[in-house]
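Before any comments, here is the structure.
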Amino acid sequence: MSDIIRYEAKEKDIVIIIDRDLCKGCDICVQVCKQDGLKLVDAPDKWEGASVEMINPELCNFCKLCEIQCPDFAIRVLRKDEEGTITIGKSKKTSAEQ
Amino acid sequence: MAKAAIDYLYYLRADKLPHMWCPGCGIGIVVKAMIGAIDDLGWDKNDIAVISGIGCTSRAPGYLDMNTLHTTHGRALTFATGVKMAQSTKHVIVISGDGDATAIGGNHFIHACRRNIDITEIIVNNNIYGMTGGQFSPTTPYGAKAATTPYGNIDPSFDLVELAKGAGATYVARASVDNGRMMQKLLRDGMEHHGFSVIEVLANCHTQFGRRNKMSDAVTMIDWIANRVVAKAKADKMTLEELEGKVITGLMYQNKERPEYTDEYDKLIERVQAKTSAKAGSGK
Ligand code: SF4
Ligand code: SF4
Ligand code: SF4
């Protein structure tokens, strides 16, 4: 099973997904986030010993810099439509499936 | 409706992840921008061949769920040329490191440029041989330390943009890993260009280069790159003095007039076939 943390900004339609199995704790996303939304935490259960978490999803402004600059495909910043659905590629997924 | 997000996993061999690159290695950022560019173009992944040689960068095709070839050191372009000649309607992309592309494969590089064959070559320039232990490469900066230049490098380095242009490439651009969005755009345009495209990407190898040059983590080395680069539009307004020590990024050169190699080859076939069938028709 994959080890995924999912954050939802209640006031907005933004969903942030961090895949802890892919994150190597390199700190790049933390540094590029101008909203100071992310932080590095110890992850003794992971090979690299560090991983990333969100401080507060409400701070996210959907700039997507963390997603673009992450070398490990470990963080995704997604948007729900009016029906609460997220579309990835050609497949529509409900936010619960994400 | 919100624009569909890219399905990265569709383009990746997800069972091979996490990839082998060091935490924060720039190659991962390049692979992501490459997928973004392919997704923008709407190309079918089954029509794409990604070919590499040897080195950290050359491990990229192993993670891409496309037609991939991991070949011998410096020879990616020769295999790619073969694929393109046999299947000229397919999209052929080569991903190479600086050592693979311009030292061991230097000769193949200049001749692919000269032929102007419709291949896109992405050169991930991290100034060093990462995989084999940090030996200096043709792009290690003057004065920098490497495993084989412990007292500082005295070799002047290649300017890959000038090299590609001089040898005849018809799309030449430079990107950097600190700006994934710009890289994606330059990769996209290079892939779309009909002819030989070279996109140099300034990247961090903090493990082998950075560690020896006071930048031992990814963030520090990416910052070093970010502080050196200037986008072309801005650079055009700067004086030579202000540009001292800077590296210009953006589209550096494009020529849509020069004939492309597989087109020339098709014309040759047509010409020779017309001649032989005319001969056969006249009964000679
Ligand atoms: S950039 Fe990616 S791998 Fe690095 S800490 Fe952030 S999520 Fe993890
Ligand atoms: S999308 Fe932008 S604001 Fe939101 S977490 Fe990522 S870097 Fe921060
Ligand atoms: S050695 Fe350098 S190029 Fe190779 S994976 Fe590590 S950081 Fe990347």
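Line order of the protein sequences matches chains W and A. Using the numbering used here, the letters of the first sequence correspond one by one to residues 14 to 111. Using the numbering used here, the letters of the second sequence correspond one by one to residues 429 to 712. Using N, Cα and C, we set each Cβ at its ideal position, and we do this for glycine too.
- Excluding sequence positions up to five before and after A/A659, its CB lies within less than 8 Å of the CB of M610, I676, T677 and G678, all in the same chain and listed in chain order.
- Following the DSSP letters along the chain, one finds A/L679 inside the beta strand (DSSP E) bounded by residues V675 to Q682.
- Taking a beta-carbon distance threshold of 8 Å, W/Q44 counts as an interface residue toward chain A.
- Secondary structure at A/R487: helix, using DSSP grouped into helix, strand and coil.
- For A/A531, there is no enclosing beta strand (DSSP E), as DSSP marks it with neither H nor E.
- Approximately 6 Å separates the beta-carbon atoms of A/T567 and A/F586; this is inside 8 Å, confirming the contact.
- In the structure shown, A/R602 falls within a strand segment according to DSSP collapsed to helix, strand and coil.
- What you get when you keep residues with a C-beta closer than 6 Å to any heavy atom of ligand 3 is A/W449, A/C450, A/C453, A/I455, A/C484, A/N554, A/G558, A/M559, A/C633, A/H634, A/T635 and A/Q636.
- Scanning the stretch 618-693 of chain A from its first residue to its last, the whole alpha helix (DSSP H) runs of 4-plus residues come out as 646-656 and 660-663.
- Per the coordinates, the alpha-carbon of A/V629 lies some 18 Å from the alpha-carbon of A/G594.
- Look at the stretch 56-69 of chain W: the residues with a C-beta under 9 Å from a C-beta of chain A are W60, E61 and A63.
- For W/C39, the shortest separation between its Cβ and any heavy atom of ligand 1 lies below 7 Å.
- Of the candidates A/I650, A/V647, A/F624 and A/E685, the residue whose Cα lies closest to the Cα of A/H539 is A/F624.
- Take A/W449, set aside five residues on each side of it, and the residues of its chain with a beta-carbon closer than 8 Å to its own are I455, G456, C484 and R487, in chain order.
- For W/E61, the secondary structure class from DSSP, reduced to helix, strand or coil, is coil.
- The DSSP-derived three-state label of W/E24 is coil.
- Checking the 7 Å criterion, the Cβ of W/D85 is within range of a heavy atom belonging to ligand 1.
- Secondary structure note for A/E549: its beta strand (DSSP E) is the uninterrupted segment T548 to N553.
- Residue burial is scored here from C-beta neighbours: A/Y570 has fewer than 16 other C-beta atoms within 10 angstroms and is therefore classed as exposed.
- Annotation for W/G50 indicates a beta carbon within 7 Å of some heavy atom of ligand 2.
- Between A/R616 and A/A465, the C-beta gap is smaller than 8 Å, which places the two residues in contact.
- A/A531 counts as buried, since no fewer than 16 other beta carbons sit within 10 angstroms of its beta carbon.
- Scanning its chain for C-beta atoms nearer than 7 Å, with the 5 sequence neighbours on each side dropped, one finds no residue around A/A514.
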